[in-house]
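To keep things clear, I will list the structure first and then write my remarks on it.
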Amino acid sequence: MTAIRFFHMADLHLDSPFKGLFGLPEQNFKKIRSSTFEAFEKIIHKAIDEKPDFLLIVGDLYDGEHRSLQAQRRFQEAMEVLFQHNIPVILSYGNHDHLNGSWTRFALPSNVYELPAETSVVQLKIRGQVVKIYGFSYSERHIKESMIESYPTANDQHAIHIGMLHGSESSDTTHAVYAPFKKEQLLEKNYHYWALGHIHKRQLLHKEPPIVYPGNIQSRHRNERGVKGFYDVTLSQISADLMFVPTSAVVYSKVEVDCTGVFHANELLEKCGAALADNRQEYGASVVELHLNNIDEQAEALFEHATVEAWLETIREEEEGIEPMCWVQKLMYHRTATPYEPTAATESVINLMEQWDISAWKDILRDLYQHAGGARFVEPLTEQDIEHLKSSAQTLLADEIQRA
Numbered sequence: 001m002t003a004i005r006f007f008h009m010a011d012l013h014l015d016s017p018f019k020g021l022f023g024l025p026e027q028n029f030k031k032i033r034s035s036t037f038e039a040f041e042k043i044i045h046k047a048i049d050e051k052p053d054f055l056l057i058v059g060d061l062y063d064g065e066h067r068s069l070q071a072q073r074r075f076q077e078a079m080e081v082l083f084q085h086n087i088p089v090i091l092s093y094g095n096h097d098h099l100n101g102s103w104t105r106f107a108l109p110s111n112v113y114e115l116p117a118e119t120s121v122v123q124l125k126i127r128g129q130v131v132k133i134y135g136f137s138y139s140e141r142h143i144k145e146s147m148i149e150s151y152p153t154a155n156d157q158h159a160i161h162i163g164m165l166h167g168s169e170s171s172d173t174t175h176a177v178y179a180p181f182k183k184e185q186l187l188e189k190n191y192h193y194w195a196l197g198h199i200h201k202r203q204l205l206h207k208e209p210p211i212v213y214p215g216n217i218q219s220r221h222r223n224e225r226g227v228k229g230f231y232d233v234t235l236s237q238i239s240a241d242l243m244f245v246p247t248s249a250v251v252y253s254k255v256e257v258d259c260t261g262v263f264h265a266n267e268l269l270e271k272c273g274a275a276l277a278d279n280r281q282e283y284g285a286s287v288v289e290l291h292l293n294n295i296d297e298q299a300e301a302l303f304e305h306a307t308v309e310a311w312l313e314t315i316r317e318e319e320e321g322i323e324p325m326c327w328v329q330k331l332m333y334h335r336t337a338t339p340y341e342p343t344a345a346t347e348s349v350i351n352l353m354e355q356w357d358i359s360a361w362k363d364i365l366r367d368l369y370q371h372a373g374g375a376r377f378v379e380p381l382t383e384q385d386i387e388h389l390k391s392s393a394q395t396l397l398a399d400e401i402q403r404a
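The numbers in full-length UniProt numbering rise by one with no breaks, and the one at position 99 of the sequence shown is 99.
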């Protein structure tokens with residue numbers, strides 16, 4: 001049984017602006033700003049070295065519908081290199097880089113198959129094995145209707161069938177729900193592999209046949225923590241082998257420091273330095289949210305004469321010049337948990353917050369998100385952010401009770 005090998009990637013977001021980062025030394029900002037390109041270059045180098053049969057790119061190659069000139073040029077150059085190595089690329093455009101945008105156009109080489117707005121098939125023959133790849137590109141930014149019915153059911157028993165779809169499960173609201181589908185609808189098509197895009201979190205929705213989100217190739221903010229990459233897939237009509245390949249040039253991570261028994265400032269700085277060194281060893285270049293845990297009354301005195309902002313600046317100074325970069329984006333400290341008796345008033349507030357949906361939270365926070373000067377630094381509100389706000393509010397209520 002002939003097996004084929006391909007790379008499955010999605011959501012490259014080349015030339016992402018990386019909103020919400022400020023105050024960085026210029027060299028750190030350049031590293032972060034170029035990270036999507038660096039992650040993409042890792043994929044191209046691996047393809048040249050290992051020569052898969054083809055590459056699949058499932059939507060959102062570019063970060064915006066205007067497709068920056070630099071991003072297009074670097075993508076075009078990469079496709080030319082793959083052309084020289086006889087590696088085909090099948091790509092679709094997603095909601096961010098839809099076909100109705102306005103951009104300066106580059107001609108891509110003949111090894112690149114750009115899927116049109118109508119669901120179409122690209123047929124390849126690899127070592128005698130026929131491979132049929134189905135998919136479409138977004139004609140506009142918002143495709144709210146399901147597109148599954150436009151995909152044909154596989155009826156050629158001698159071919160390998162692969163579906164490409166930039167969209168989300170109907171029940172998944174972590175991203176805007178575009179081109180929604182149900183897993184059962186995909187399985188009904190009898191394809192051997194579903195290559196998905198749009199959701200930036202790596203997920204295996206189904207094992208046999210694989211229905212796969214590779215996630216994006218490079219994190220762009222704190223809600224996309226962890227190592228990002230793509231899947232190296234070996235596929236036949238009867239088996240599939242998936243290997244995740246990391247590509248992150250910069251990893252967003254959460255670092256926790258146990259501050260139990262800390263009394264002096266130098267002790268705290270040493271603990272932070274050790275934790276950041278471990279993070280650097282594990283991830284390389286990174287953007288960190290630093291959490292100081294188990295701050296008791298003794299340790300809390302360290303924050304009475306120096307603000308959190310002053311501590312953050314000091315920690316950044318300690319890290320300055322150390323490579324690879326480890327930029328502490330945010331510092332938070334958490335007091336040692338102590339039991340408290342909730343009052344009717346606090347319970348009433350907490351119960352009220354539980355009833356608010358995302359629209360209510362957006363209304364409550366509208367002054368922040370509509371502020372002309374600050375809105376550009378704030379990432380879109382997510383369900384994860386809301387859960388964090390609820391938890392923080394409950395902690396603040398508990399603190400106030402304990403202080404009363």
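We put the CB at the ideal spot given by N, CA and C, even for glycine.
On a predicted model such as this, the values are computed, not experimentally measured, just so you know.
Coil, strand or helix - residue i by DSSP
i: residue 234; result: strand
i: residue 326; result: strand
i: residue 321; result: coil
i: residue 333; result: strand
i: residue 169; result: strand
i: residue 386; result: helix
i: residue 21; result: coil
i: residue 352; result: helix
Terminal residues of the alpha helix (DSSP H) in which residue i lies
i: residue 28; result: 26-33
i: residue 216; result: Taken as a continuous stretch (DSSP letters only), residue 216 belongs to no alpha helix (DSSP H), as it is neither H nor E.
i: residue 240; result: Per DSSP, residue 240 belongs to no alpha helix (DSSP H); it is in the beta strand (DSSP E), 240-246.
i: residue 361; result: 358-364
i: residue 186; result: 183-187
Residue closest to residue i, alpha-carbon to alpha-carbon, out of the options
i: residue 5; options: 71, 202, 208 and 232; result: 232
i: residue 313; options: 153, 323, 332 and 72; result: 332
i: residue 209; options: 145, 72, 219 and 242; result: 242
i: residue 136; options: 126, 123 and 150; result: 150
i: residue 288; options: 330, 263, 98 and 297; result: 330
i: residue 294; options: 183, 335, 91 and 361; result: 335
i: residue 14; options: 28, 93 and 141; result: 93
i: residue 196; options: 9, 68, 354 and 362; result: 9
i: residue 253; options: 223, 170, 259 and 247; result: 223
i: residue 322; options: 230, 27, 11 and 17; result: 27
i: residue 350; options: 267, 389, 319 and 317; result: 389
Residue i to residue j span [Cα, whole Å]
i: residue 283; j: residue 157; result: 44 Å
i: residue 326; j: residue 24; result: 11 Å
i: residue 57; j: residue 89; result: 8 Å
i: residue 79; j: residue 291; result: 42 Å
i: residue 118; j: residue 385; result: 36 Å
i: residue 310; j: residue 303; result: 9 Å
i: residue 146; j: residue 140; result: 14 Å
i: residue 167; j: residue 271; result: 43 Å
i: residue 202; j: residue 179; result: 19 Å
i: residue 128; j: residue 360; result: 58 Å
i: residue 97; j: residue 72; result: 11 Å
i: residue 177; j: residue 165; result: 13 Å
i: residue 219; j: residue 105; result: 27 Å
i: residue 316; j: residue 34; result: 21 Å
i: residue 101; j: residue 76; result: 18 Å
i: residue 352; j: residue 364; result: 13 Å
Residue range of the beta strand (DSSP E) that includes residue i
i: residue 4; result: 4-9
i: residue 193; result: 193-197
i: residue 206; result: 203-206
**Message:** Suppose only complete runs of 3+ residues qualify. What are the beta strand (DSSP E) ranges in the stretch 29-117, listed by chain order?
**Reply:** 54-58, 89-92 and 112-114
**Prompt:** Counting only runs that start and end within the stretch 115-163, where is the beta strand (DSSP E) found for 3 or more residues in a row?
**Reply:** 120-126 and 129-135
**Message:** What ranges does the beta strand (DSSP E) occupy inside the stretch 248-331, keeping only unbroken runs of at least 3 residues that lie completely in it?
**Reply:** 251-258 and 286-295
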